[in-house]
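Peer 1: In the numbering used here, the protein residues as written are 242 to 310.
C-beta: ideal position from N, C-alpha, C; glycine also.
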Amino acid sequence: MDKNAQFQVIRADSADQLNETLDAIRVSLLGSGRKISAVQMVTPVQCPISHKLIWSVLITHVPFHSLGE
242 MDKNAQFQVI RADSADQLNE TLDAIRVSLL GSGRKISAVQ MVTPVQCPIS
292 HKLIWSVLIT HVPFHSLGE
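1) Report the three-state DSSP secondary structure of Ala256 (helix, strand or coil).
2) For Pro304, write down the residues that DSSP places opposite it in a beta bridge.
3) How many angstroms separate the CA atom of Ser291 from the CA atom of Arg275?
4) Can you tell me which residues form a DSSP beta bridge with Leu312?
5) Quick one: using the 10 Å Cβ neighbour count with 16 as the cut-off for buried, is His302 buried or exposed?
6) Please classify Leu294 as buried or exposed, where buried requires at least 16 other C-beta atoms within 10 Å of its C-beta.
7) With a 10 Å radius around its C-beta and 16 neighbouring C-beta atoms as the bar for buried, classify Ala265 as buried or exposed.
Shown next, in the form of structure tokens:
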């Protein structure tokens with residue numbers, strides 16, 4: 242594991258929302274010299290109020306130089 246790795250958790254209730262959020266994070270990371278190195282989906286849970294499935298995703302990101310660039 243890269244010692245410069247940072248982690249972020251995002252939550253979404255649809256695939257579209259998840260993709261939009263991931264795209265926004267990618268753009269934001271590019272501006273700060275970082276790149277997503279891993280995305281891990283966590284088992285969804287059902288919201289007790291709306292009954293929608295909520296997806297949690299763990300994102301690992303590292304500086305560009307950590308990936309051999």
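Peer 2: Short version:
1) Here residue 256 corresponds to residue number 15 of the sequence shown, with the count starting at 1. It is helical.
2) Taking the sequence shown and counting its residues from 1, the one referred to as residue 304 is at position 63. Bridge partners of Pro304: Arg275.
3) For the purposes of this step, residue 291 is identified with residue 50 of the sequence shown, where counting begins at 1. For the purposes of this step, residue 275 is identified with residue 34 of the sequence shown, where counting begins at 1. Using only the alpha carbons, I get a separation of about 35 Å.
4) Only positions 242 to 310 of the chain appear in this structure, which leaves residue 312 out of reach.
5) By one-based count along the sequence shown, residue 302 stands at place 61. When all chains shown are included, His302 counts as buried.
6) Indexing the sequence shown from 1 puts residue 294 at position 53. So Leu294 counts as exposed.
7) Locating residue 265 in the sequence shown gives position 24, where the first residue counts as 1. Exposed: under 16 other Cβ atoms inside 10 Å.
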